[in-house]
Structures are given as structure tokens and as C-alpha cells.
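Counting in the working numbering, the sequence shown runs from 117 upward without gaps.
Beta carbons: idealized from backbone N, C-alpha and C, even for Gly.
One structure is given here, and the rest of the page talks about it.
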Amino acid sequence: MDLDVALPFETDVVLPDGPVATRSRSDGPRDPEGRAEPAVEVRRSARRRRTVSAYREGDRVIVLVPARFSRAEERRWVQTMLERLAASEAKRRPSDADLAQRADELSTRFLGGRATPASIRWVANQRGRWGSCTPSDRSIRISSRVQGMPGYVLDYVILHELSHLLVAGHGPDFWALLAAYPRLERARGYLDGVAAASGLALSDE
Ligand SMILES: [Zn+2]
């Protein structure tokens, strides 16, 4: 299963009552990371009355607007929808590439850069585990259950598995590696809470 697929999604906006205020813009749309703005195709629909929708189709963004829109309304709503689309894409769940980057940063920050996994990826079939590590081939797998959890929990799970590249088992020398992680106990408590709530026998040990 490829978890790094950009799923098509739609952002619907219900229009406010009354006339839509228009604002003049002197600056064009900008992307904070300097990427090119996507090509936008506006489709007007006579049937569409009170909603605006946007979704990605290939490398374009399709914006569906009511046919009654003025050009100014259209411009304003296209910009609004591009912003919403960008915001929901930013919230998308992290990919395997995100995991690798995170692991690199965590290893550098907390393990002196000594833990260097050959691969780290999401897996769906981690029964009873949040993550696992095979020191012989330096591979790390993280349960997809962790994918929607807060960043500090994901970081802990990654750091835990990175530490197993250096120390097997869960003795004092293992936990000493993790001691510098500031939200260690909070992250472990979060995972214990999820395990208890779901009735799963999941442990980070
Ligand atoms: Zn462990």
C-alpha cells in the first residue's frame, strides 16, 4: 500500500447570505515556499447556487462557482479556495519521505547523528506495536496507527526505534538515549491512553 498518494479531495464553502463583498487586490497570489501557483480552471454552473468547490485534477485546480458570480467574486473565491486547498494539503498525513526527514533531524538532535536507518516507512500491519526496528538491515517500520497522532508522539515513536539501532532491549542504557527528549513521558502516556481506549494490547516496549 502506498501511503504517499495525494488523494483528490474537495473543499466546499457555503456562501454567506447577502452580496459578497469584493476587495481589490494589489498583490497576486503568493506561495510562502515560492512554488509556482497552480493552474486554475474555473467552471461556472447554473445549477450551483450556494456553494463553491475546489479540487485538484492532475496539476490543475478546478474551482466550481455559481454562474451568477461576477468576475470580481470569481477572483475572490478562487483565491479563498486556493488558500483552503493549500491549508488542507498542509494537514495531510506525513509520507515516508517525511518520516525519513524527521528521523534524520531527530537522530542529529538527540542521538548525535549516530542512528542512521537505511529505510523508514509506514506499515499497516504492525500488530501490537507502534514501531519496529531490524538492526541487521537498519530498517524501521512505523505503524500507520501513529500517522494521525500529534507530532510529538510520532517523534517519540521514531526516536524510540532509532535508539534500537544503537541499543537492543529496554534497559537503562536504552532509556538513557531517550532521556533528552522533552516530551518523553507525555508521548508514552498518550500511547498508553490510545491503547487503553482501543482495547489494544499495544506497548512501546
Ligand atoms: Zn522498543
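On a Cα-Cα basis, can you pick out the residue from V156, A202 and D175 that is closest to V181? When only C-alpha atoms are compared, the closest one is V156.
Can you say whether S162 is buried or exposed, counting buried as having 16 or more other CB atoms within 10 angstroms of its CB? Note that residue 162 is Ala in the sequence shown, not Ser. If you draw a 10 Å sphere on the C-beta of A162, you find fewer than 16 other C-beta atoms in it, and that means exposed.
Which runs of the beta strand (DSSP E) spanning at least 3 residues fall entirely within the region 235-275, listed in chain order? Contiguous beta strand (DSSP E) elements confined to the region 235-275 occur at 235-239, 247-250 and 255-259, taking only those with 3 or more residues.
For S186, report the span of its alpha helix (DSSP H) as first-last. Looking at the DSSP string, S186 is not in any alpha helix (DSSP H), and its letter there is neither H nor E.
What's the C-alpha gap between V262 and D214? When the Cα atoms are used, V262 and D214 turn out to be separated by approximately 13 Å.
Secondary structure at S314, three-state DSSP: helix, strand or coil? In this structure, S314 counts as helix in the three-state DSSP scheme.
Neighbourhood of D253 by C-beta, 7 Å cutoff - its chain only, sequence neighbours within 5 removed: Excluding sequence neighbours, D253 sits near A234.
Any idea which residues DSSP pairs V194 with across the strands? Looking at the DSSP output, V194 shares a beta bridge with no other residue.
Tell me, to the nearest whole angstrom, how far the beta carbon of E277 is from that of C249; I am working on the premise that it is less than 8 Å. 4 Å between Cβ atoms; contact.
Cα-Cα, which of R165, W291, R200 and R192 is closest to A183? Among R165, W291, R200 and R192, the Cα nearest to that of A183 is on R165.
Given this structure, state the Cα-to-Cα distance separating A137 from L293, to the nearest angstrom. In this predicted model, A137 has a pLDDT of only 42, less than 50, meaning its place in the structure is not dependable enough to derive any value.
Can you tell me where the beta strand (DSSP E) holding A155 begins and where it ends? Per DSSP, A155 belongs to the beta strand (DSSP E) from A155 to S161.
Excluding five sequence neighbours on each side, which residues of the same chain lie with their C-beta closer than 7 Å to the C-beta of V273? If you ignore the 5 residues before and after V273, its C-beta comes within less than 7 Å of the C-beta of W246, G247, I258 and V262, all in its own chain and listed in chain order.
May I have the straight-line CA-CA distance separating V158 from P210, to the nearest angstrom? Rounded to the nearest angstrom, the two C-alpha atoms are 30 Å apart.
S248: beta carbon under 6 Å from a heavy atom of ligand 2? Looking at this structure, you won't find ligand 2 anywhere; what it does contain is ligand 1.
Roughly how far, in whole angstroms, is the beta-carbon of S279 from the beta-carbon of A231, given that I think they are within contact range, below 8 Å? Indeed, because the Cβ distance is near 7 Å, the residues count as touching under 8 Å.
First and last residue of the beta strand (DSSP E) that includes S169? Where S169 is concerned, the enclosing beta strand (DSSP E) stretches over T167 to E173.
The alpha helix (DSSP H) enclosing S211, as first and last residue numbers: S211 -> no alpha helix (DSSP H), and no H or E assigned at all.
Please identify the residue among S260, P251, E189 and F185 whose C-alpha is closest to the C-alpha of R243. Per the Cα distances, S260.
Would you mind giving the Cβ-Cβ distance between R218 and D271, rounded to the nearest angstrom? I have them listed as a contact below 8 Å. Correct: roughly 7 Å between the Cβ atoms.
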